[in-house]
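Going down the list, the sequences are from chains A and B.
When we follow the numbering used here, the leftmost residue of the first sequence carries the number 635, and every step to the right adds one.
When we follow the numbering used here, the leftmost residue of the second sequence carries the number 273, and every step to the right adds one.
No residue lacks a Cβ here, since even glycine has one placed at the ideal position from N, Cα and C.
Since the structure is predicted, the reported quantities are computational estimates derived from the model, not experimental observations.
Notes to accompany the following structure.
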Amino acid sequence: MAPLLQLENVSVKYGAIEALREVSFSVEEGSITCLIGANGAGKSTTVNAIAGLVPTASGRILFQGEDITKLPASRRIAMGISIALEGRKIFGDQTVIDNLMLGAYTRSKNLSKLRREAEEMLARFPLIADRGQQLAGTLSGGQQQALAIARALMSRPKLLLLDEPSLGLAPILIQEIYQIIQDLADQGTTILLVEQFAAYAFMVSQNACVLEHGQLTLAGPVAEVRDDPRLARAYLGK
Amino acid sequence: MLLLFLILGITWGGIYALVGLGFNTTFWTLRILNFAQGEYLMAAVLLSIGFNRWVNLPWPIAIVLALAVTAALGLVLERVAIRPVLQHDPRSHSWVVTTLGAGIVLQNLAVLLFGTSEYPFPKLMEGVVQLLDARVEKQLLAVFAITVVLVVLFDIFVNRTLMGKAIKAVAFDRMAAEAQGINSRGIVMLSMILMALLAGIAGLLIAPMVSAHPYMGTLMTVKGFSAAVLGGLGSPVGAIVGGLVVGIAEQLVGGYINPGLKDAIGLIFLFVILIARPQGLFGKKVAERV
Ligand SMILES: Nc1ncnc2c1ncn2[C@@H]1O[C@H](COP(=O)(O)OP(=O)(O)O)[C@@H](O)[C@H]1O
Ligand SMILES: [Mg+2]
C-alpha cells in the first residue's frame, strides 16, 4: 500500500537561504513518525511545507498518492492534513470554544453545529474540558498545547502534524501531552511528530527521520535510529 | 437647546463611529491605518450623484452602484498603496504617506469630475418632529436609526459569525489563521470592502445635511480617527464610545462656548488621550509584535 504521505526531493528556500535540501521520506498510515534534529535543522520548515504554509522551491509532496505540492493550505486541510504549529499559536484573544470552531473553518460555517462539535472535542481533553468560555490567552502552557492539538483535530485530519508539542512544558505536562498523542495514535490517527529532543518522541514513535542542516541524514524504525552513531552526530554538529 | 445638542451630538457621533469602525477593520487585518478613509466617504456620495445626474439612474440604484464602486476602490487601495509597502518591509510605516496620498488622488479626481461646487443630496425623510422642547429633523433621526442598525450588524458580524472570528484570527496571528485554512488574503480584501462600505454609508447619511463636495471627506478622516484612537484602536466598542464622545462634545462646545471651536474639540480630545492613556479608553496595552 502507498504511504499516506510522501516527500520527494523537497527543497524550501527563504530568499537566498536553503532551509531544506532535497528531503525525501514517507509516513505510513496508522503510525507515528517522528522528525528530529537540532534547533534550526529544518523540522518546522518541513511540516509547514507539508501543511502548505511555506512554498516548496522544488520536489513533490504526495498525500494519499495525490500531488498536493501546489495546493493552498485550505485544500490540504480539507483533504485531511492538519497542523499544530510550533509555539501553539492559539488565538489568545478568543475563547477556547472559538479557537476550536476556527479549527473546523474549512469544514463548516454553521456556528451552532460547530459549537456542538467543539464542546464534544473539549470533553476529550481533561486539561481544558471546563475552560470553554475562557480566553485562550489566559490558559497555562500545557492547556494551550492541549488546545492547539484539539483545534488541529477539529478538521478531522487523517494526518496530524505536531510541531514540538513539548516545547517549554514541565515534565509532568509533557507526559500528559504525550498521553494525548498516544491515545490519538491508538484511535488510528497518523501522526508526524516534530521534536528537538528525541527521547520523548522515541517513546511513542515507530519510525524516525533525522534532519541535519536541512538535509535528511537518517531514517528508519526507531529501534534502529536510536542506536545509530549518526544520531548523536546530528545533534553535536560536524 | 441641550436636548437638541445631545441629539445632534449622538447622531454625528454615530457617523464618526462608523468611520472609526472602518479604521479598525484595516487595523485588525493589516496593522495599518487607512488615512484615505474619508475620501471613500466622499467617493460614495459623489459617485451616487454622478450616476444619478449623468447616467440618469434612480437614486436607490445609483447609491447601490456607487457603494459597489467604492468597495472596488477599497480593493484597489490595498493593491496599489498598502500591499507594495508591506511586501517590501512588513514593519514599514510608509502606509501613512501612501494612504494619505491615495486619498489626495481620489480628491483630485473628484475635483476634476465634479468641480468644487456643492451638490444637494436627497434626504431619506422630510419634515421635523417635536421632541420635548427640541424641533428635530426627521432626517437626523433616520440617520441615527440606520447608524444603530449598522453598528449592531457590525457587532453580530464580528462576534457571532465564523467569518468575523476568522477576521480576528487573521488579526491575531496570520500564520496560525492560515493553518486553520483561513485565506488571509481574502480576509484582508474583505476588511478593505468593509472599510469602504462603512465610510461610504457614513457619507451617504451625512450628505443631505452637509451638501456634497470633493472636500467633504477630509475632516471625517480626522474625526473618525479621533473616535477610533480615543476609544482604543482595534476596539469596536471603543470606536462607538469614542465617536459619541467626540460628537457630543463638539455640539456642546460649538453650542455653548464658540462654534469656531467645534472641529477642534475632537483633536483636543485626541491629544489629551494620547498623552494620558495612549492605548485609548477601551484599548489593550500591546507591545509591538515583531
Ligand atoms: N521565515 C523564515 N525566514 C527566513 N529564514 C527562516 C524562516 N524560518 C526559518 N528560517 C531558517 O530556516 C532554517 C530552518 O528553520 P526551522 O525549520 O525553523 O528549524 P527547526 O524547526 O528545525 O528548528 C533555520 O536556519 C532558520 O533560521
Ligand atoms: Mg522548529
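Placement of the Cβ of Glu663 (chain A) at a distance of 8 Å or more from every heavy atom of ligand 1 is found. DSSP places Leu845 (chain A) inside the beta strand (DSSP E), whose first and last residues are Asn841 to Glu846.
Nearest C-alpha to Leu542 (chain B) among B:Glu311, B:Leu274, B:Ala499 and B:Gly399: B:Ala499. In the structure shown, Lys647 (chain A) falls within a strand segment according to DSSP collapsed to helix, strand and coil. Counting the other CB atoms within 10 Å of its CB gives Trp326 (chain B) a total below 16, which places it among the exposed residues.
The bridge partners DSSP lists for Val657 (chain A) are A:Val644. Taking 9 Å as the threshold, the shortest C-beta distance from Arg785 (chain A) to chain B falls below it.
Following the DSSP letters along the chain, one finds Gly515 (chain B) inside the alpha helix (DSSP H) bounded by residues Pro508 to Leu524. Shown in chain order are the residues whose CB sits closer than 6 Å to a heavy atom of ligand 1: A:Tyr648, A:Ile651, A:Ala653, A:Gly671, A:Asn673, A:Gly674, A:Ala675, A:Gly676, A:Lys677, A:Ser678 and A:Thr679. For Met735 (chain A), at least one C-beta of chain B is nearer than 9 Å to its own C-beta. In the three-state reduction of the DSSP assignment, Pro394 (chain B) falls in the coil class.
Taking a contact to require three or more Cβ pairs closer than 8 Å, the segment 705–721 of chain A and the segment 767–774 of chain A do not qualify as touching. With contacts defined as CB atoms closer than 9 Å, Ala471 (chain B) and Gly496 (chain B) qualify as a contacting pair. For Glu753 (chain A), the uninterrupted alpha helix (DSSP H) segment begins and ends at Leu745 to Ala757. If you draw a 10 Å sphere on the C-beta of Arg363 (chain B), you find fewer than 16 other C-beta atoms in it, and that means exposed. For Asp797 (chain A), the shortest separation between its Cβ and any heavy atom of ligand 2 lies below 8 Å. Residues of the segment 426–456 of chain B whose Cβ lies closer than 9 Å to any Cβ of chain A, in chain order: Arg432, Thr433, Leu434, Met435, Lys437, Ala438, Lys440, Ala441, Ala443, Phe444, Asp445, Met447, Ala448, Ala449, Glu450, Ala451, Gln452, Gly453, Ile454 and Asn455.
The Cβ of Leu687 (chain A) sits closer than 9 Å to at least one Cβ of chain B. The criterion of a C-beta distance shorter than 9 Å is not satisfied by Val730 (chain A) and Leu796 (chain A). Within 10 angstroms of the beta-carbon of Ala866 (chain A) lie fewer than 16 other beta-carbons, which makes it exposed. For the segment 713–730 of chain A, residues whose beta-carbon sits nearer than 7 Å to a beta-carbon of chain B comprise Ile717, Leu719, Lys723, Phe725, Gly726, Asp727 and Gln728. Excluding the 5 residues flanking it on each side, Ser645 (chain A) has same chain C-beta neighbours closer than 8 Å at Glu652, Leu654, Arg655, Glu656, Val657, Thr690, Ala691, Ser692 and Gly693, in chain order. His365 (chain B) counts as exposed, since fewer than 16 other beta carbons sit within 10 angstroms of its beta carbon. Against chain B, a Cβ distance below 7 Å from Thr824 (chain A) picks out nothing, because the smallest value is about 18 Å. Thr371 (chain B) and Pro356 (chain B) have their alpha carbons spaced roughly 12 Å apart. Leu852 (chain A) is a Cβ neighbour of Ala868 (chain A), given a cutoff of 9 Å. Here Leu539 (chain B) has Val494 and Ser498 as same chain residues with Cβ atoms under 8 Å from its own Cβ, once five neighbours each way along the sequence are excluded.
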